[in-house]
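When we follow my numbering, the leftmost residue of the sequence shown carries the number 5, and every step to the right adds one.
Note that CB positions come from ideal geometry on N, CA and C, so glycine has one too.
Remember, it's a predicted structure, so these values are computed and weren't measured experimentally.
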Amino acid sequence: MDETGILEGLGSNGLVLGSSKKKIQLKKRLGSRCWTTIVECVSATGQALMPLVLFKGKDLQHQWFPEKLAYLDQWRFAATDKGWTSDAIALKWLKEVFIPGTKASKTNKRLLIVDGHGSHTTDDFMYECFDNGIFLLFLPAHASYVLQPLDVSCFSPIKAAYRRAIEAIAFLAGSNDTTPIGKATFLQCYYKARTEGLTERNIKGGWKGSGLWPVNIAKPLMSRLLLQTDPPAVPEAEALKRQLEEESDPFRTPYRSYDVKVLIAKVYAPGQVDRAARRLFWKIGRGLDAQNTTLAEAQAKIAQLEYQVYRLKPLKKQKVAQDPNERFAQIEQIVETRARLQRVLDPAPIAALTSSYEFESLCFEWQLE
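Right, here's the structure in full:
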């Protein structure tokens, strides 16, 4: 299961012919720029559940839908303030779409693969899965583009087909028609794009390309979308490179007394350096070593001061990210604890028990001496 977003009137890129006297040519586009979220769910068998469409708005409006609704009878719709999913929407999708659409016997279990979105890690969502025999598997963070079957081979063809459908409507409307493409037209275009892009072949290709089914660990690790890293340097090649550099430039800048001795051995034959020259080179090497020692002491002092500054600097509070796969195993205990606490704090039983007492039984006498 995964979500994707589409701008209602955004079509494909194209060429614009205009006057050469203008630096910028504007292309008129039909439609608004409202963000709409679609929740899709596919299985390894190549099947897809009914989508959930989330419009931006307070409530659903009847004018958002086309006149003929027969092809949308299995779809689900909702409205949110920003057009994004939420905890309540995710729980509603689980109860009304996934659980009824993937009916299984009591002995068979189901596996739901989701990303680490906050709406998937709530207590209610996880307990609903636990109570219905659904195992949750959370994908690693920032890895859905290589591990999520919908991202691998489904959403891209759907969006490409949707942009083509929008461009076709824009062509039929004409270049002078700037009437906004509403949500009804969006549903018609997305239905057509979903029919073209969310095919059994693409769904199975997404599962295979992500390595989830058939299981293939090498698939995501060898994906071209991963960051390319340079191969480790071969020690023999590095040694040969240094040798070539030394041969091309024998007079390398000395940084220590040992480098000075190496330069003397390359320039002078043994016994050709007189006493004064040897003393001069010795003093130069000694000065280099002294400077290196001073520099090392200064670097150590700087490192100490930086560490002291780090210790004195106030640290920002940040919640530790918990692995939701580990948290799912404890969801039953969490819900039981919450219910038990709710029963203890429920005011109705306490008020009923207090009202049953007689007033005289609550009166006491004390005699102070």
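Asked                                                                                                                                                                : Found
Given a cut-off of 9 Å, decide if residue 154 and residue 129 are closer than it, judged by their beta-carbon atoms.                                                 : no
If you draw a straight line from the C-alpha of residue 181 to the C-alpha of residue 115, how long is it?                                                           : Unreliable placement is indicated for residue 181, whose pLDDT of 46 sits below 50; no coordinate value is reported for it.
Sort 138, 95 and 120 by Cα distance to residue 107 and report the nearest one.                                                                                       : 138
Less than 7 Å between C-beta atoms, sequence neighbours within five positions excluded: which residues of the same chain meet that for residue 105?                  : 53 and 54
What does residue 82 pair with, by DSSP beta-bridge criteria?                                                                                                        : 58
In this structure, what does DSSP give as the bridge partners for residue 52?                                                                                        : 46
What residues in its chain sit with their C-beta under 6 Å from that of residue 266, if we drop five residues either side in the sequence?                           : none
By the 10 Å Cβ neighbour count, where 16 or more other Cβ atoms means buried, how is residue 226 classified, buried or exposed?                                      : exposed
I'd like to check one pair, residue 78 with residue 188: are the Cβ atoms closer than 9 Å?                                                                           : no
Would the beta-carbon of residue 12 fall within 9 Å of that of residue 89?                                                                                           : no
Since residue 150 contacts residue 202 with CB under 8 Å, what's their CB separation in whole angstroms?                                                             : That belief does not hold up - the Cβ atoms of residue 150 and residue 202 are roughly 20 Å apart, past 8 Å.
Determine the direct distance from the alpha carbon of residue 304 to that of residue 270, and round the result to whole angstroms.                                  : 35 Å
Can the beta-carbon of residue 328 be found closer than 9 Å to that of residue 142?                                                                                  : yes
Do residue 102 and residue 377 have their beta-carbon atoms positioned less than 9 Å apart in this structure?                                                        : Outside the displayed span of the chain (5 to 373) sits residue 377, for which this structure offers no information.
Am I right that residue 49 and residue 9 are in contact with their C-beta atoms under 8 Å? What's the rounded C-beta distance?                                       : Not quite, the Cβ-Cβ distance comes to about 27 Å (not below 8 Å), so this is no contact.
Which term fits residue 146, buried or exposed, when burial requires 16 or more other beta carbons within 10 angstroms of its beta carbon?                           : exposed
Please name the residue or residues paired with residue 118 in a DSSP beta bridge.                                                                                   : 142
Please return the same chain residues whose Cβ sits closer than 7 Å to the Cβ of residue 214, not counting the five positions on each side in sequence.              : 150, 151, 152, 153, 156, 223 and 224
Looking at the unbroken beta strand (DSSP E) that takes in residue 6, where does it start and where does it end?                                                     : 6-11
Is residue 56 a contact residue of the ligand PLP, with contact defined as CB to any heavy atom under 8 Å?                                                           : Within the structure as shown, the ligand PLP is missing, as the structure has no ligands at all.
Applying the criterion that 16 or more other CB atoms from any shown protein chain within 10 Å of the CB defines a buried residue, is residue 219 buried or exposed? : exposed
Put residue 211 into one of helix, strand or coil per three-state DSSP.                                                                                              : helix
Alpha carbon to alpha carbon, how far is residue 194 from residue 162? Give it in angstroms, no decimals.                                                            : 8 Å
Could you give the residue range of the alpha helix (DSSP H) that holds residue 132?                                                                                 : 127-135
Measuring straight from C-alpha to C-alpha, what distance separates residue 169 and residue 190?                                                                     : 9 Å
Short of 7 Å in beta carbon distance, which residues of its chain neighbour residue 70, apart from the five on each side in sequence? Order them along the chain.    : 188, 191 and 192
Using the Cα positions of residue 286 and residue 300, report the straight-line distance between them to the nearest angstrom.                                       : 21 Å
If you draw a straight line from the alpha carbon of residue 278 to that of residue 264, how long is it in whole angstroms?                                          : 16 Å
Just the Cα atoms here: how many angstroms apart are residue 356 and residue 64?                                                                                     : 43 Å
What do you reckon, are the CB atoms on residue 80 and residue 57 nearer than 9 Å?                                                                                   : yes
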